[in-house]
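For the sequence shown, position 36 matches number 105 in this note's numbering, and the numbering has no gaps at all.
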Amino acid sequence: MKTEGYDVVVLTEDRYAFPTRINDYYKNVVVEDALLLNALNKVGLRTARFSWSDRDVDWSKVKSVVFRTTWDYFDRYDEFKPWFDHLKTRLIMFNDARILEWNQDKIYLQELSNKGIHIPETIFIETRDQRTLKEITASLSTDEFVLKPNVSGAARLTFRLNKRDCEGFESQYREMIMKEDFMVQAFQTQIMTKGEISLILIGGEFTHAVLKRGKPGDFRVQDDFGGSAVPFEPNEKEKLFAKQCYDVLDIKPHYCRVDIIWDNDDQLALSELEMIEPELWMRTNPDAAMKLARSIYNSLIKQ
């Protein structure tokens with residue numbers, strides 16, 4: 070058992086804690102986690118890096134955890150949720166456990182929309198909804214739409230469809246909607262040309278950004294599907310929009326990534342507000358790691 074006491078454990082997943090192969094993707098994960106670990110050590114905190122599902126960890130010896138590269142939680146949600154619920158009252162979580170719970174389900178986008186944040190045209194669908202996909206999408210203003218689960222990441226079960234595809238896709242859709250909640254969004258064509266901007270905020274302050282684009286012909290910007298990300302300097306309008314997304318939150322995160330796009334009306338729209346385990350691209354701005362470490366340290370000394 071890993072029983073030494075720790076102030077902060079940086080959380081990853083089994084693939085990155087116990088790698089079976091080393092590739093560029095894994096190397097980026099190691100660099101990102103190492104930047105934060107080194108920064109936390111520099112501010113005087115005792116640290117370690119464990120997989121959230123490592124059964125050898127004695128969590129009673131851990132004061133706090135920071136969610137970083139736990140990118141399998143949505144694939145193992147039946148395991149993750151009980152683990153999370155067990156620990157959320159027993160140790161400190163970064164971000165706050167209430168934020169992490171709220172941010173797990175993309176229904177949060179509707180709440181942000183209700184607070185005045187512009188999001189793409191979206192319809193949320195509850196598990197076992199009896200309507201057909203054709204009926205659900207009839208009111209969308211576009212023929213093309215994206216279907217994806219409410220709890221997901223890395224474009225899991227994400228489909229770009231046309232309304233004319235609905236009947237042929239119905240049996241597959243019916244199988245999926247019987248298991249979990251889904252959402253449909255009107256397809257935003259400018260993501261194919263302009264991509265998606267990810268703005269990183271630490272302690273509510275903008276630190277850096279990247280521009281993500283899919284490979285030619287693909288709307289998915291994730292590197293899992295051949296997408297790319299490069300350092301990017303957003304304009305003041307884009308920075309202000311990201312700050313507005315942060316400002317409406319009831320509980321403020323120590324770190325977040327605001328993913329924004331230009332919609333079909335050429336307006337800025339929130340794609341996602343990632344506050345659980347967003348890739349933060351701190352390797353493009355190592356100072357952000359120290360800012361996050363100081364934010365965590367200042368929070369811990371107040372406990």
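For glycine and all other residues, C-beta sits at the position ideal for the given N, C-alpha and C.
Could you tell me which whole alpha helix (DSSP H) segments of length 4 or greater appear in the stretch 195-262? 202-206 and 235-246
In the DSSP assignment, what residue or residues form a beta bridge with E307? For E307, which the question treats as bridged, DSSP gives no partner whatsoever.
Report yes or no: do the stretch 127-134 and the stretch 156-164 share at least 3 C-beta pairs separated by less than 8 Å? yes
Can you check whether the CB of S133 is closer than 9 Å to the CB of I370? No; because the gap between Cβ atoms is not below 9 Å, this pair is not in contact.
D83 to R90 span [Cα, whole Å]: 12 Å
Which residues in the same chain as L106 place their Cβ atom closer than 7 Å to its Cβ, once the five residues preceding and following it in sequence are excluded? V79, T116 and R118
Report the residue from I186, E348, A207 and I176 whose alpha carbon sits nearest the alpha carbon of E195. I176
When DSSP builds the beta bridges, which residues end up paired with P88? P88 pairs with nothing; no bridge assigned.
For the beta strand (DSSP E) that contains M373, what are its first and last residues? There is no way to answer for residue 373, as the model of the chain reaches only from 70 to 372.
Leaving out five residues before and five after W121 in sequence, what residues of the same chain have Cβ atoms less than 6 Å from its Cβ? So the qualifying residues of the chain are L80 and T139.
Just checking my contact of F275 with V215 at CB under 8 Å: how many whole Å lie between their CB atoms? Not confirmed; about 27 Å, so no contact.
Does the Cβ-Cβ distance between M245 and L230 come in under 9 Å? no
Alpha carbon to alpha carbon, how far is Q199 from K217? Give it in angstroms, no decimals. 17 Å
Examine the Cβ distances between the stretch 309-318 and the stretch 234-242 and report whether three or more of them are shorter than 8 Å. No, the stretch 309-318 is not in contact with the stretch 234-242.
Do you know whose CA, among V299, I271 and D334, lies nearest D432's CA? Lying outside 70 to 372, the shown extent of the chain, residue 432 is not represented and no answer is given.
Whose C-alpha, out of V327, D123 and I269, is nearest the C-alpha of N381? Since the first and last residues shown for the chain are 70 and 372, residue 381 lies out of range.
Quick one: is S267 buried, meaning 16 or more other Cβ sit within 10 Å of its Cβ, or exposed? buried
With 16 other CB atoms within 10 Å as the buried threshold, where does D76 fall? buried
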